[in-house]
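In UniProt numbering, the protein residues as written are 2 to 240.
Taking it in order: structure first as C-alpha cells, then the write-up.
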Amino acid sequence: KSLRIFDTPTEVAGAVADRLAEVLAQHPRPVITFPTGSTMLPVYREIVARSQTGQLDLRGVQGIQLDEYAGVDDHTEASFRAWLHEHLLAPTGITAFHTLPAHDPTPAALASYEQVIASYGGVDLAILGIGGNGHIAFNEPGSPADSRTRVVELDRRTRQANERYWTDSDAFVPTRAVTQGIGTILEAREVLLIATGAEKAEILHEALHGPVSEHVPASLIRSHPHAEVLADAAAGRQP
Ligand code: GLP
C-alpha cells in the first residue's frame, strides 16, 4: 500500500489538510468519516487553522461518525461526538454530522445508520487512526473483514488507553462501543490511515508488512484499492 513518511506530525497534518482540499475541489459536498484520538489533534488543529484563514471551506462537508462509546448521548462530555464537536465540527462550521445510534444501538437503528450513509451515496473519504493493538475505529483484533456497524466489547488495553478522556466524569470507561464495521469502512472510495509517534511503529509495521489478517485489523486496508498511509518518521521507521 502506499505509505508516505513525513518528518513530523505537523507535516502529516499538512498533508491531510492538502488531501481534504483536493477532495473539496472535486466534490462540493463530500462525505467524510472523521476519527478521534490524540493522533488527530494536530491534524484537526491544522484543518481548523486553514478554515479560519479562509484557505479551506469545510461547511459543505457531510461528516460521518466512525465510532463511539455505547450508551452515551449528546450530553456525555467524554463522548467522541463531543470531542469532535469541540476539535473539528464547531470551529470549521461543519453542521451536517451523522452520528452513530450509540445511546440505543438496536439492530434496526444500526441498520438505519448504514442506510443513511448509502442514501448520501456512500463515503468519499474515510480518515482512520490506528490503535496500539492494530484496531481501526473500534474494530478490535479478530473483527471480521466483512463486519458491519455493530456493538463491540472493548479490549482491556483499549479501555486503558481511553481512560484519560473519562477523568472529569463520574462514570468509568464504558466496556462496550458502537463502531462502523471493517466491511463498512472499506466501502469508502478512499481510505487515509494516519499514524504518528514511536508507540505506533511496531503495530504499523505489522499492519503494512505482516500478513493481511483479522488479527491486525489495520492490515485489512491493504485489500482496498485506494488506501494510503501517512506516518511521521517515528511511526514510519522500521522497528
Ligand atoms: C481509539 C479510537 C480510534 C482511534 C485509535 C487511536 O480507541 N477508537 O478511532 O483511531 O484509538 O487513538 P490515538 O490517536 O489516541 O492513538
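C-beta atoms are modelled at their ideal positions from N, C-alpha and C, and glycine is treated no differently.
Separation of residue j from residue i, as counted between CA atoms
| i | j | result |
| --- | --- | --- |
| Gly133 | Thr159 | 8 Å |
| Pro10 | His206 | 18 Å |
| Asn140 | Ala71 | 14 Å |
| Glu115 | His99 | 10 Å |
| Thr96 | Leu67 | 16 Å |
| Glu23 | Pro31 | 11 Å |
| Arg238 | Gly64 | 32 Å |
| Ala109 | Val117 | 12 Å |
| Phe7 | Leu193 | 15 Å |
| Thr77 | Glu87 | 13 Å |
| Glu229 | Arg5 | 8 Å |
| Ala18 | Tyr45 | 8 Å |
| His28 | Val49 | 19 Å |
| Leu90 | Ile33 | 12 Å |
| Tyr166 | Pro175 | 11 Å |
| Leu129 | Ile222 | 10 Å |
| Glu200 | Ala232 | 12 Å |
| Asp125 | Ala236 | 26 Å |
| Glu47 | Leu21 | 11 Å |
Cβ neighbours of residue i in the same chain (closer than 6 Å, five flanking residues each side left out)
| i | result |
| --- | --- |
| Ala219 | Ile131, Gly135, Ile137 and Ala208 |
| Arg51 | Ala18 and Leu57 |
| Glu179 | The sequence shown places Val at residue 179, not Glu. These residues qualify, in order along the chain: Glu69, Ala71, Leu101, Ala103, Pro106 and Val152. |
| Phe81 | Thr37 and Glu69 |
Residue(s) in a DSSP beta bridge with residue i
| i | result |
| --- | --- |
| Leu194 | Leu129 and Val230 |
| Thr33 | Per the sequence presented here, residue 33 reads as Ile, with Thr not at that position. Answer is Gly64 and Leu126, bridged to Ile33. |
| His99 | Ile65 |
| residue 252 | What the structure shows of the chain is the stretch from 2 to 240, and residue 252 is not part of that stretch, so it cannot be assessed. |
Own chain, CB closer than 8 Å to residue i, minus 5 neighbours either side, in chain order
| i | result |
| --- | --- |
| Pro145 | Gly182, Ile183, Gly184 and Glu215 |
| Gly94 | Ser52, Leu59 and Arg60 |
| Gly143 | Glu215 and His216 |
| Gly211 | Val217 and Ser220 |
Contact set for residue i: own chain, Cβ-Cβ below 7 Å, skip 5 residues either direction
| i | result |
| --- | --- |
| Gly55 | none |
The stretch 41 to 54 / the stretch 14 to 21 touching (three or more Cβ pairs under 8 Å): In short, these stretches touch, since the Cβ pair count reaches three.
Three CB pairs or more closer than 8 Å across the stretch 211 to 225 and the stretch 149 to 159: No, because fewer than three Cβ pairs between the stretch 211 to 225 and the stretch 149 to 159 fall closer than 8 Å, the two stretches do not touch.
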